[in-house]
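K.L.:
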Amino acid sequence: MADPISMDMVFLILAAAVATFLTRIGGYVLITRMKTIPPRMEQALNAVPAAVLTTLVAPSFFNGGWDVKIAMLVALVAGLRYPGLLMLGAGWATAMICRHLLGF
Numbered sequence: 018m019a020d021p022i023s024m025d026m027v028f029l030i031l032a033a034a035v036a037t038f039l040t041r042i043g044g045y046v047l048i049t050r051m052k053t054i055p056p057r058m059e060q061a062l063n064a065v066p067a068a069v070l071t072t073l074v075a076p077s078f079f080n081g082g083w084d085v086k087i088a089m090l091v092a093l094v095a096g097l098r099y100p101g102l103l104m105l106g107a108g109w110a111t112a113m114i115c116r117h118l119l120g121f
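Position one of the sequence shown corresponds to residue 18 (the numbering used here), numbered consecutively onward.
#1: Along the alpha helix (DSSP H) that carries Lys52, what are the first and last residues, could you check?
#2: Can you look up Tyr99 in the DSSP assignment and give me helix, strand or coil?
#3: Would Thr40 be called buried (16 or more neighbouring beta carbons within 10 Å of its own) or exposed?
#4: Taking contact to mean 3 or more Cβ pairs, one atom from each stretch, closer than 8 Å, check whether the stretch 89 to 97 and the stretch 49 to 60 are in contact.
#5: Which residues in the same chain have their Cβ closer than 8 Å to the Cβ of Leu105, if we skip the five residues on either side of it in sequence?
#6: What separation, rounded to the nearest whole angstrom, lies between the Cα atoms of Thr71 and Gly96?
#7: Can you round the beta-carbon distance between Phe121 and Gly81 to whole angstroms, since I take them to be within the 8 Å contact cut?
#8: Which of helix, strand or coil does DSSP assign to Ser23?
Okay, here's the thing in structure tokens:
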């Protein structure tokens, strides 16, 4: 039988949702009020995708096993040459081969 949901968890989820909404809408409002985007702000905004990707990928790479490391390296190489869906497929297939055939 599942545990009942605690009210603390509900409030935490709601607070996270409100904070996410406010930061997204706040950035949109700020950018739309500017006539031009300053060069330093544009550089910072251009760096966001790489920072987010690094934040998501780095912990898995350093904390994962060899199967994860090899799969990520294969996906990286595939991503340099092929579209995203093929990159994901190459990484997934590599992880499955490492886990099921090589025993990592």
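Ideal placement from N, C-alpha and C gives every residue a C-beta, glycine not left out.
P.N.:
Working from what's here:
#1: Sequence index remark: in the sequence shown, residue 52 carries index 35 (1-based). Where Lys52 is concerned, there is no enclosing alpha helix (DSSP H), given that its DSSP letter is neither H nor E.
#2: The residue labelled residue 99 in the question sits at position 82 within the sequence shown. The answer is coil: DSSP assigns Tyr99 none of H, G, I, E or B.
#3: Locating residue 40 in the sequence shown gives position 23, where the first residue counts as 1. Its Cβ having fewer than 16 others within 10 Å, Thr40 is exposed.
#4: no
#5: For the purposes of this step, residue 105 is taken as the residue at position 88 of the sequence shown. If we look at Leu105 and ignore the five residues flanking it on each side, its Cβ neighbours are Ala92.
#6: Walking along the sequence shown from the start, residue 71 turns up at place 54. Walking along the sequence shown from the start, residue 96 turns up at place 79. Between Thr71 and Gly96, the C-alpha separation is close to 15 Å.
#7: For the purposes of this step, residue 121 is taken as residue 104 along the sequence shown, with counting starting at 1. For the purposes of this step, residue 81 is taken as residue 64 along the sequence shown, with counting starting at 1. About 10 Å; that fails the 8 Å criterion.
#8: Along the sequence shown, read from residue 1 onward, the residue named residue 23 stands at position 6. The answer is coil: DSSP assigns Ser23 none of H, G, I, E or B.
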